[in-house]
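Here my numbering is used: the first residue of the sequence shown is 94, the next is one more, and so on. Glycine included, C-beta positions come from ideal geometry on N, C-alpha and C. Quick caveat, the model's predicted, so the values are computed rather than measured. Take a look at the structure below.
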Amino acid sequence: MDDTTIKIKDEDGVIHDFILVTSFDHPHFARHYYIYTDNTPNEDGNIEYLAMYQDEGEPDDVAHEVEDDEDWALVNEVIGAFLE
């Protein structure tokens, strides 16, 4: 795993450090996804992964949280392949 650190500002303006796990382009749309984590185990002892995306042509500082079930299905597939 590449230990590239990314900084993400939350809705309160607080900046948090995360580890970028991987990134990839959507196979059919002009969208780039980023999968990241703070590497802290949750209450079940599992590492939680988060994801965001940028649509092609958006400024580098604009990203959207993955919320759609179809997007999460794609992200989970990539996470599963990455962790194998």
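About 6 Å separates the CB atoms of V159 and V168; that is less than 8 Å, so the two are in contact.
Counting of Cβ neighbours within 10 angstroms places I108 among the exposed residues, the total staying below 16.
Of the residues E177, F175, E141, H157, the one whose Cα lies closest to the Cα of Y126 is H157. Of the residues assessed, A144 falls on the buried side of the cut-off, its CB having 16 or more other CB atoms within 10 angstroms.
Shown here, F117 sits in a strand according to DSSP, grouped into three states. In this chain, the alpha helix (DSSP H) harbouring A166 covers 162 to 176.
Bounds of any beta strand (DSSP E) do not take in Y142, whose DSSP letter is neither H nor E. Within the same chain, and ignoring the five residues on either side of D110 in sequence, the residues whose Cβ sits closer than 7 Å to its Cβ are T98, K100. Counting only residues of its own chain and dropping the five nearest sequence neighbours on each side, H119 has no CB closer than 6 Å to any other CB.
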